[in-house]
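Numbering (the numbering used here), first residue to last: 18 to 412.
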Ligand SMILES: [Zn+2]
Ligand SMILES: [Zn+2]
């Protein structure tokens, strides 16, 4: 049995696939998605949808009112940007822009939301308002945060906001989500240890040595995770960069060592704890050796925390399309981060994963040079969005 909306969307499928492959061929990275945004805005206008452009530079919001009375409003969000990766898929519609690639499937996300917009514009059989958010710069630059800061929800008030992301490793036709923490907070930190430095061979006793501090610090980081973070919630601290001294001078003790790394967590309290303990451990260990530390902790993306009521609604919307047995509300925690989290901090909502196909069937993970969004799921994703609008705005 095929869902009637899915059946109707099949009529648009060739156009949608062509659109997805067009923007795949012309990937644009964060805040530079001018071509992509113009194409999206043009399509929405063609279908009679009101369009506002230029939110967070290249963001687009389309607004559609249903033909039946209703005061509720919801927002559906897709992302527009590509990554700085050299594509190696070899497909005929591969990136024509050297060094840039749609390796996270945002080309597919935008296309699925456009498919839903077209269907809803032609079948506005709902009561209330739908805002279609096409967000720039999800990859590291926080376009979602910038849209919120530029008054997204003041200009387009909504009762709930929803996001959708493809997931390689999950079968085509399956959906999964989770109430509460779903994706990690992703933060960066830099610790600089200062000592006197000196003659490492002839006079180490006359120097204060930041290399000793750095060595203790890297080990002590893991005891923050092992002894300060509650055993019931995950957290990750990893070092990605250590720099100090000069290659040609192994007998010179450096006066400065820089250690940089990442911090991932799911609970706001754990995030606070990581930030506090990294600084305490750095300052404490530096003091032991007569050195000093300068600590900089940068909060990048907050944890993505979904709301229970909207998560249940989104799961029912997906189940209406693919059947209850193909929808899970117990998705595993993702260690990746998403700036949709900034929108969920402002409005109730949820985030759904749609299967992009199993890895063993040749569907590579996101952010790899062989990844490709699976065109077979475009109509499934669009049908999910339409189903969700029906659940939210038909009551
Ligand atoms: Zn990504
Ligand atoms: Zn992504």
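No residue lacks a Cβ here, since even glycine has one placed at the ideal position from N, Cα and C.
Relative to the C-alpha of residue i, which candidate in the options has its C-alpha closest?
i	options	result
residue 219	194, 268, 181	268
residue 350	332, 364, 321	321
residue 248	168, 407, 372, 287	287
residue 102	93, 56, 39, 156	156
residue 224	232, 230, 233, 214	214
residue 239	126, 272, 24, 278	278
residue 52	158, 114, 82	114
residue 207	229, 216, 235, 222	235
residue 25	197, 139, 107, 146	139
residue 280	272, 112, 291, 232	291
residue 229	266, 199, 270, 244	270
residue 272	245, 231, 391, 312	231
residue 262	404, 217, 365, 188	217
residue 64	81, 381, 245	81
residue 393	352, 188, 311, 246	188
residue 257	204, 246, 293	204
residue 331	389, 387, 404	404
residue 246	333, 165, 293, 266	293
residue 197	21, 20, 329	329
residue 233	19, 20, 303, 21	303
Quick one: residues in its chain with C-beta nearer than 8 Å to the C-beta of residue i, no 5 flanking neighbours on either side, listed in chain order?
i	result
residue 86	144
residue 319	202, 285, 288, 358, 359, 362
residue 301	none
residue 174	90
residue 47	98, 153, 154, 155, 156, 157, 158, 160
residue 384	100, 102, 120, 121
residue 23	338, 396, 397, 400
residue 168	none
residue 106	386, 387, 388, 389
For residue i, which residues of its own chain have a beta-carbon under 6 Å away from its beta-carbon, when the five flanking residues on both sides are left out?
i	result
residue 227	210, 212, 274, 308
residue 335	192, 344, 401
residue 96	123, 126, 152, 155
residue 259	276
residue 150	78, 92, 94
residue 298	237
residue 295	206
residue 112	44, 104, 118
Residue i and residue j look like a contact to me (Cβ under 8 Å); what is the Cβ gap, rounded to whole Å?
i	j	result
residue 134	residue 66	6 Å
residue 61	residue 76	That belief does not hold up - the Cβ atoms of residue 61 and residue 76 are roughly 13 Å apart, past 8 Å.
residue 44	residue 119	5 Å
residue 375	residue 186	7 Å
residue 324	residue 282	Contact flag wrong, Cβ pair sits at about 19 Å.
residue 200	residue 354	6 Å
residue 84	residue 141	4 Å
residue 132	residue 33	5 Å
Any idea if residue i is buried or exposed, counting beta-carbon neighbours within 10 angstroms, 16 or more meaning buried?
i	result
residue 183	buried
residue 152	buried
residue 327	buried
residue 347	exposed
residue 373	buried
residue 378	exposed
residue 195	buried
residue 406	buried
residue 28	exposed
residue 137	buried
residue 305	exposed
residue 364	buried
residue 315	exposed
residue 341	exposed
residue 117	buried
residue 108	exposed
residue 35	exposed
residue 244	exposed
residue 222	exposed
residue 166	exposed
residue 171	exposed
residue 146	buried
residue 313	exposed
What does a CB cutoff of less than 7 Å around residue i pick up in its chain, not counting 5 residues either side in sequence?
i	result
residue 162	356, 359
residue 110	38, 41, 42
residue 68	58, 61, 62, 77, 79
residue 74	48, 153
residue 381	185, 387, 388
residue 370	182, 184, 187, 192, 193, 194, 348
Does any C-beta atom of chain B lie closer than 9 Å to the C-beta of residue i?
i	result
residue 74	Reference to chain B is not applicable here, since this structure consists of a single protein chain.
| Three CB pairs or more closer than 8 Å across the region 178-198 and the region 252-262 | no
| query | Okay, do the region 392-410 and the region 82-96 touch, 3+ Cβ pairs below 8 Å being the bar? | reply | The region 392-410 makes contact with the region 82-96, as at least three CB pairs between them are under 8 Å.
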